[in-house]
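Take the sequence shown: its letters are residues 34 to 242, numbered as in my numbering. Contents: one structure, followed by commentary.
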Amino acid sequence: NNQIDLYLYTKSKDNEFFEFRIIGEKLPEELYKEKLRRANQNATNQGRTLSKKEKETLKWTIMLTSVDKEFATVEFLMQTYRIRWQIEILFKCWKSFGHIEKVKLAKEYYLKCLIYGRLIMCLLINCAYSNIKYIYKVFKNRDISIIMFYSTIANNLKDICINFSTRKNDIEDILQILNRVARKSLREKRRRKNSEEMLFDYALPPTLE
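Here it is as structure tokens:
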């Protein structure tokens, strides 16, 4: 069986019983082997070997939930978790490369301008990423890593800002920079679809609005 869907009970200190649902999905063999390789490497670095139980656990994605079976299937909950994880990655990019949390002591209006400016910059980068990802996926069948895109474009923001105008030559320079960023952000080709590619299969618009 490739799924787990069980109800379990736990007892509190007051001897009250609480019901919760445990769900699981078996990983594809390719992904399991990659997780096993990393886990073995970590264990070797710690001077130990993985137990049989640890190896078996690596074959699964397991979660606890309070949502009843009648309201959500295992497939739906797993897909919802993947969507949530993509949101987490996006927020990580905003925090890591937008430096939204790094603000010195400032007055209210200056602080608001600074935060709004950084958020606007993050949105502009995300719009560029979304469009370029769409183009590369549709016309070249290649996928772009959002983390690599943010990391690479952060090193090219100065050049983009210098060329930021409505003149044709400047726009072409910006497009060339974005194309270089995209090429450096390409994922390696793989057989199995990642979470982003699964979401891409839905009829979503290419840009955030």
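Backbone N, C-alpha and C fix where the C-beta goes; we use that ideal spot for every residue, glycine too.
Using a Cβ-Cβ cut-off of 8 Å, state whether residue i counts as contacting chain B.
i: I180; result: The structure shown contains no chain B; it is built from a single protein chain.
Rounded to whole angstroms, what's the CA-CA distance from residue i to residue j? Just pull it up for me.
i: K66; j: R216; result: 28 Å
i: A236; j: K170; result: Legend: pLDDT at A236 = 46, less than 50; position of this residue unreliable, value from coordinates given subsequently. Going from the Cα of A236 to the Cα of K170 covers about 14 Å.
i: K92; j: N75; result: 17 Å
i: Q119; j: I180; result: 11 Å
i: E205; j: G150; result: 25 Å
i: T240; j: Y167; result: Only weak support is given to the placement of T240: the predicted model assigns it a pLDDT of 41, under 50, and the question is left unresolved by the model.
i: T90; j: R70; result: 14 Å
i: E242; j: T185; result: Confidence is the limiting factor: at E242 the pLDDT is only 33, short of 50, which leaves the residue's position unreliable and the question unanswerable from this model.
i: E209; j: N34; result: Contrary to the premise, residue 209 reads as Gln rather than Glu in this sequence. When rounded, the distance between both Cα atoms is 50 Å.
i: I165; j: L147; result: 27 Å
i: F51; j: L39; result: 14 Å
i: Q36; j: T106; result: 11 Å
i: E49; j: K102; result: 23 Å
Assuming residue i is part of the beta strand (DSSP E), what are its boundary residues?
i: L97; result: 93–98
Going by DSSP, what residue range makes up the alpha helix (DSSP H) through residue i?
i: K145; result: 141–173
i: L123; result: 107–131
i: L41; result: Counting along the chain, L41 falls outside any alpha helix (DSSP H), though it belongs to the beta strand (DSSP E) covering 36–44.
i: I179; result: 179–187
i: N78; result: 62–78
i: E89; result: 85–90
DSSP three-state label for residue i, please.
i: R54; result: strand
i: K191; result: helix
i: L219; result: strand
i: P238; result: With a pLDDT of 44 at P238, under the threshold of 50, the modelled position of this residue cannot be trusted; read the value that follows with caution. Correct three-state label for P238: coil.
Using the rule of at least 16 other Cβ atoms within 10 Å of the residue's Cβ for burial, across every protein chain shown, is residue i buried or exposed?
i: G131; result: buried
i: V214; result: buried
i: L211; result: buried
i: A161; result: buried
i: F104; result: exposed
i: Y142; result: exposed
i: F109; result: exposed
Check: On the three-pair Cβ rule with 8 Å, is the segment 78–86 touching the segment 97–116?
Finding: Flag = no, the segment 78–86 and the segment 97–116 do not touch.
Notebook entry, point to check: Counting pairs of beta carbons, one from the segment 149–163 and one from the segment 125–136, are three or more of them closer than 8 Å?
Noted result: Three or more beta-carbon pairs separated by less than 8 Å link the segment 149–163 to the segment 125–136, which places the two stretches in contact.
Check: Do the segment 46–55 and the segment 92–110 meet, that is, are 3 or more Cβ pairs less than 8 Å apart?
Finding: Touching, per the Cβ criterion.
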